[in-house]
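Right, one structure below, let's go through it.
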C-alpha cells in the first residue's frame, strides 16, 4: 500500500472534530506535500516535535490525545530500520506523516492560542428567554458573557504553521509559541507536581488554560489599572507600587457580570438611574405601587417627549410599554449610590456605589443584575482622579455625603477621566496573593460555573 493510501485510510477512520483535526484532513485530502518524510526518510523535526509532545502529560493532558505513543513507536522503528511484514515501511511512514501533522497542529494551536475558545464556550452557557412565548420555533438565543479581544487561530495561522515544517523551522516555532509570563509558568509547575485534591487540580488546569489565552490587552501592560476578579468578589486598583483593594458585589448566577476590558472614561456624581427593561419586567411590575415609587424616588418619563408623567396616571400595565422609562432620582437612596464609574461596553454595565451596603458583609456577593457595586467609591474615585487637590476632593465628598446640596458652587455633576484608566472584569479561581510564587496562591469558588465549562471541554477533548 502506498503512503498516500495509508493516509487516506487514516482520514476515513478519523472522527475527531477539533479545528486542528479538520485542518489536517483537509490538507491531505488536497494532496498536500509530505511534511515529515522525504527520500532520505524521516526528518529530524519529528524528533523535536516528539520532545514537546512528551510534555503534555505534565500539562494535565493525555499523551494519547496527541498520538505520543504511536509516534514514538513508529519513530523508533524508523530510526532502527525495524521495518518488516508487521511494520511495512509505507504503513509506518503514512502513520507518521498523518499523526505528526495532527499532533503538531493540536499542540501548536493550543499552546499559541489556548485549547479552548472562551468566546465560543462561555457565550453559549446561558440561554435567554423569548420576549413573548409563542408557538413559533425560534433559534436559541444566548446571553453574552465574554467580550474580551484576543488572538484566535485562522487560515493564516494554519498555513504558516505548515510552512514552518517545510522550511525546517519547527524548533524555533515551537519555542516561540509557548505561553509567556510568570503566572503561567508557576501554574505549570503546580500542575506538573500533581499534588492536592482533584478539585484543586481541576482549578489549576482551568486557570493554566486562561493563562494561555492571548488577550489583546493585559493589566501588566499598564502602570495604572483596575481589575475586578469576580470569583474573589474583590477589586484591585494598582498604580505602580500602590494598591487599593475593596469588596465588590457583582451579578447573580442568573444575571452574570460579563467578562470584558475597557477604560474608565467618566464619573457621574449623584446619577439618576434609568431602570433597565429586564428589571422592570422581572421585578418592578410585580411590586409596583405609587407609594413605593414616591418613597424610593421613582418617576415615569415619556421617552418621546422627555416629560415626567403625573403618578396618578401610572399603573403597572403602563410600565410594560417600552415608550415609557422608569427613572430614579439621584441622591440619597438611589440604587446606584452617589457615584457611578462609566466605561464603554456592549452590556450596559458599570461600576457604581450603592445605597444598600449590608451585602458587603456576605461571603457570596453575587447580588446585582450584572453591574459591579464597589465598597469604597470615594477611595476609588480618588485613585482614578488626576486632580487630587484637597479642595476638589472636599467638594466631591460634600456631594456624596450631603442630602440637600444647597451650596451650588461645590456641586459636581460629572468628572471626565483624563487619562482614562484601563479596566478588566476578569475571572480567576486561582490567583497569586503576594507575587507569583507557588506558596502565594489564593483559591476562589467557581461562582458562575466557568471553570466547569472549561474543564469539561478539556476533559472531553484532551484527557
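Numbering (the UniProt record's numbering), first residue to last: 1 to 463.
We put the beta carbon where it would ideally sit given N, CA and C, even for glycine.
It should be emphasised that the depicted structure is a prediction, and the values quoted were computed from it without experimental measurement.
Can you look up residue 426 in the DSSP assignment and give me helix, strand or coil?
strand
Coil, strand or helix - residue 419 by DSSP
strand
Let's see if you can read the secondary structure: which residues bound the beta strand (DSSP E) around residue 443?
441 to 443
The beta strand (DSSP E) enclosing residue 251, as first and last residue numbers
242 to 251
So, for residue 331: in the same chain, excluding its five sequence neighbours on each side, which residues have a beta-carbon less than 6 Å away from its beta-carbon?
270
Can you tell me where the beta strand (DSSP E) holding residue 229 begins and where it ends?
224 to 229
Check whether residue 177 and residue 93 have beta carbons under 9 Å apart:
no
Beta strand (DSSP E) containing residue 236: first to last residue?
234 to 239
Using alpha carbons as the reference points, say which of 45, 97, 186 lies closest to residue 5.
97
Distance, residue 186 Cα to residue 437 Cα:
Note that residue 437 scores a pLDDT of 47, beneath 50, so its modelled location is shaky; the value from the coordinates is reported in the next line. C-alpha separation (whole angstroms): 7 Å.
Go ahead and label residue 81 buried or exposed: buried means 16 or more other beta carbons lie within 10 angstroms of its beta carbon, across all protein chains shown.
exposed
Same chain, Cβ closer than 7 Å to residue 367, five either side skipped, listed in chain order:
249, 252, 359
With distances taken Cα to Cα, identify the nearest neighbour of residue 451 among 411, 221, 202.
202
If you drop the 5 nearest sequence neighbours on each side, which residues of the same chain put their C-beta closer than 8 Å to that of residue 63?
53, 54, 56, 57, 69
Let me check understanding here. Comparing Cα to Cα, which of 290, 104, 426 lies closest to residue 164?
104
To the nearest angstrom, report how far apart residue 235 and residue 379 are at their CA atoms.
12 Å
If you follow the alpha helix (DSSP H) that residue 457 is part of, which residue opens it and which one closes it?
450 to 462
Residue from 111, 99, 371, 376 with nearest C-alpha to residue 74
99
DSSP puts residue 340 in a beta bridge; with which residues?
268, 352
DSSP on residue 297, reduced to helix/strand/coil?
coil
Classify residue 177 as helix, strand or coil using the three-state DSSP reduction.
coil
Three-pair Cβ contact test at 8 Å for the stretch 404 to 424 versus the stretch 263 to 278:
yes
Where the alpha helix (DSSP H) through residue 447 begins and ends:
No alpha helix (DSSP H) holds residue 447; DSSP gives it neither H nor E.
For the pair the stretch 319 to 330 and the stretch 276 to 283, tell me if three or more CB-CB distances fall below 8 Å.
yes
Let me know if residue 315 comes out buried or exposed under the rule of 16 or more other beta-carbons within 10 Å of its beta-carbon.
exposed
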